[in-house]
Amino acid sequence: GQNIDQPTEMTATEGAIVQINCTYQTSGFNGLFWYQQHAGEAPTFLSYNVLDGLEEKGRFSSFLSRSKGYSYLLLKELQMKDSASYLCAVRPSGGYQKVTFGTGTKLQVIP
Amino acid sequence: EPEVTQTPSHQVTQMGQEVILRCVPISNHLYFYWYRQILGQKVEFLVSFYNNEISEKSEIFDDQFSVERPDGSNFTLKIRSTKLEDSAMYFCASRQTLTGTGVTEQFFGPGTRLTVL
Chain U
81 GQNIDQPTEM TATEGAIVQI NCTYQTSGFN GLFWYQQHAG EAPTFLSYNV
131 LDGLEEKGRF SSFLSRSKGY SYLLLKELQM KDSASYLCAV RPSGGYQKVT
181 FGTGTKLQVI P
Chain P
3 EPEVTQTPSH QVTQMGQEVI LRCVPISNHL YFYWYRQILG QKVEFLVSFY
53 NNEISEKSEI FDDQFSVERP DGSNFTLKIR STKLEDSAMY FCASRQTLTG
103 TGVTEQFFGP GTRLTVL
């Protein structure tokens, strides 16, 4: 089966750094995605990790440890527009790119 | 920038009626997906479609659901006899193909909010 855990909600201050954690137990592993979803909108792609380590993309970085079944998304220099849900999603083994989503972490950025 | 489009943005229907949700994937993409998200819950995979056939489907995607690519641009999800619990946001997504790095991300459309009364 697939199990993906994230904190339900987080609050952080504008300009600060926040780390959103994700742990997963899946039947096989073939990559982990982070998506951002503003309320009432579609998920938008942020990052993809398939090998252990840190991937940096501007203000956003994502880390993966396959042996620990663990990933985090790091957001730096938080802006008010970063208030959204952040979805951790895992692609189990297989060829067609089915992605299993976690329940998401709702981040509120406050002044 | 190319994007996935979906119509309608909101569909209201009576229980037991058939609905067809429409999607136009990005033009050079080859893999297509439907997901749903019940209000306040997680995004759930329904079905993936490649080379004019279903490649994978979830347990949610029962006989009431079907997908079709009737022409070179549209990708549709049909629900034959809607139930109250089908009320959700339905997202279409598309993906290009594998690249040298092994995978490309899925691009999501804006969604169709289906309300079953």
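Chains as they are written, first to last, in the numbering used here: chain U, 81 to 191; chain P, 3 to 119.
Just so it is clear, CB atoms sit at the ideal spot from N, CA and C, and this is done for glycine as well.
Outcome for P:I40 when other beta-carbon atoms lying within 10 angstroms are tallied against a minimum of 16: On the second sequence, residue 40 of chain P is found 38 positions in, with the first residue counted as 1. So P:I40 counts as exposed.
Beta-carbon proximity check, U:V189 vs U:T180, cutoff 8 Å: Within the first sequence, numbered from 1, the residue matching residue 189 of chain U stands at position 109. Within the first sequence, numbered from 1, the residue matching residue 180 of chain U stands at position 100. The answer is no: Cβ separation not under 8 Å.
Beta-carbon gap between P:V14 and P:L86 smaller than 8 Å: What you label residue 14 of chain P is simply residue 12 of the second sequence in a count that begins at 1. What you label residue 86 of chain P is simply residue 84 of the second sequence in a count that begins at 1. Taking 8 Å as the Cβ cut-off, P:V14 and P:L86 do not qualify as a contacting pair.
Identity of the residues DSSP links to U:V130 by a beta bridge: As a working note, residue 130 of chain U is residue 50 in the first sequence. According to DSSP, which records beta bridges pairwise, U:V130 is partnered with nothing at all.
Segment contact flag, the stretch 93-102 of chain U with the stretch 4-23 of chain P, C-beta cutoff 8 Å, min 3 pairs: no
Sequence-distant residues of the same chain with beta carbon closer than 8 Å to U:G133, five excluded per side: Here the question's residue 133 of chain U lines up with position 53 in the first sequence. If we look at U:G133 and ignore the five residues flanking it on each side, its Cβ neighbours are F143, L144.
Contact with chain U by P:G74, beta-carbon distance below 8 Å: Counted from its first residue, the second sequence places residue 74 of chain P at position 72. No, P:G74 lies away from the interface with chain U (no Cβ there is under 8 Å from its Cβ).
C-beta atoms of P:E107 and U:F109 nearer than 8 Å: Counting from one through the second sequence, the residue named residue 107 of chain P turns up at place 105. Counting from one through the first sequence, the residue named residue 109 of chain U turns up at place 29. Against a cut-off of 8 Å, the Cβ pair of U:F109 and P:E107 comes out as no contact.
Proximity test, U:G149 beta-carbon vs the ligand PLP heavy atom, cut-off 7 Å: The model depicted lacks the ligand PLP and carries no ligand whatsoever.
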